[in-house]
Amino acid sequence: MFVLDYVNGIIVASSSQEATIALLKDLEKEFALKDLGDLHYFLGIEVKKSQDGLKLSQERYAADVIQWAGMSKCKPMDTPLSSVENLSASEGQPLGSEDATRYRSTVGALQYLTLTRPDLSFSVNKVCQFLHAPTTTTSVQ
0 MFVLDYVNGI
10 IVASSSQEAT
20 IALLKDLEKE
30 FALKDLGDLH
40 YFLGIEVKKS
50 QDGLKLSQER
60 YAADVIQWAG
70 MSKCKPMDTP
80 LSSVENLSAS
90 EGQPLGSEDA
100 TRYRSTVGAL
110 QYLTLTRPDL
120 SFSVNKVCQF
130 LHAPTTTTSV
140 Q
């Protein structure tokens, strides 16, 4: 059985319908519950049922991150990390407070995206290494 709780939302999943019903009855004794039916979208993760099981996707979440970062008109790339640029913590000017916060928020959103996109992990890890002091460096080294 799998139970995920987030503030006022709870997901219960099990291969046993009887176990799910029993758990929900027990929870209902202590808490007011509302069954919203099959899971479709939760915390940025889309859930689609198929004959093979469940498919988890963050496609909509990824599109929202791209839009929020102002990159919706950028060209797609085969690799999410430039092979000709080197990142540096010692070059460039430190970002201002507002830009540094936006950088950290974007990197955090990308970290969450790696739940269903492990192919992004290396690139996201690289930019995470500069969270403490992001700079304006964009030049090729």
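Under numbering that gives the first Met the number 0, the first residue of the sequence shown is numbered 0, with each subsequent residue one higher.
From the three backbone atoms N, C-alpha and C, an ideal C-beta is built for every residue, glycine too.
Quantities reported herein were computed from a predicted structural model and do not represent experimental measurements.
Residue burial classification, L23 (beta-carbon count within 10 angstroms, cutoff 16): Answer is exposed; the Cβ neighbour count stays below 16.
Bridge-paired residues (DSSP) for L102: Just to set this straight, residue 102 is Tyr in the shown sequence, not Leu. The partner list for Y102 (beta bridge, DSSP) is empty, contrary to what the question assumes.
8 Å CB neighbourhood of C127 in its chain, flanking five on each side removed: Here the set comprises V106 and Q110.
Closest Cα partner of T135 within the set V123, S122, Y102 and A108: Y102
4-residue-minimum alpha helix (DSSP H) runs that sit fully inside the segment 57 to 103, ordered along the chain: DSSP runs (the alpha helix (DSSP H)) wholly in the segment 57 to 103: 58 to 67.
First and last residue of the uninterrupted beta strand (DSSP E) at S49: I44 to S49
Beta-carbon proximity of Q66 to G43, cut-off 8 Å: Not closer than 8 Å, so no.
L94 vs P133 beta-carbon contact at 8 Å: Between L94 and P133, the C-beta gap is smaller than 8 Å, which places the two residues in contact.
Span of the beta strand (DSSP E), counted from its first residue to its last, around A12: DSSP places A12 in the uninterrupted beta strand (DSSP E) bounded by G8 to A12.
Closest Cα partner of A61 within the set G8, D25 and P75: Considering only alpha carbons, the answer is P75.
Short Cβ contact (8 Å threshold) for L112 with V64: yes
From G8, H39, T100 and L53, residue whose alpha carbon lies closest to that of S14: Comparing Cα-Cα distances from S14 to each of G8, H39, T100 and L53, the minimum goes to L53.
L114, DSSP secondary structure in three states: coil
Close-in-space but distant-in-sequence residues of the same chain around F30 (CB under 8 Å, 5 per side omitted): Non-local beta-carbon contacts of F30 in its own chain, meaning distances under 8 Å to residues more than five positions away in sequence, are absent.
Paired residues, beta bridge with G52 - DSSP: DSSP lists S49 as partners of G52.
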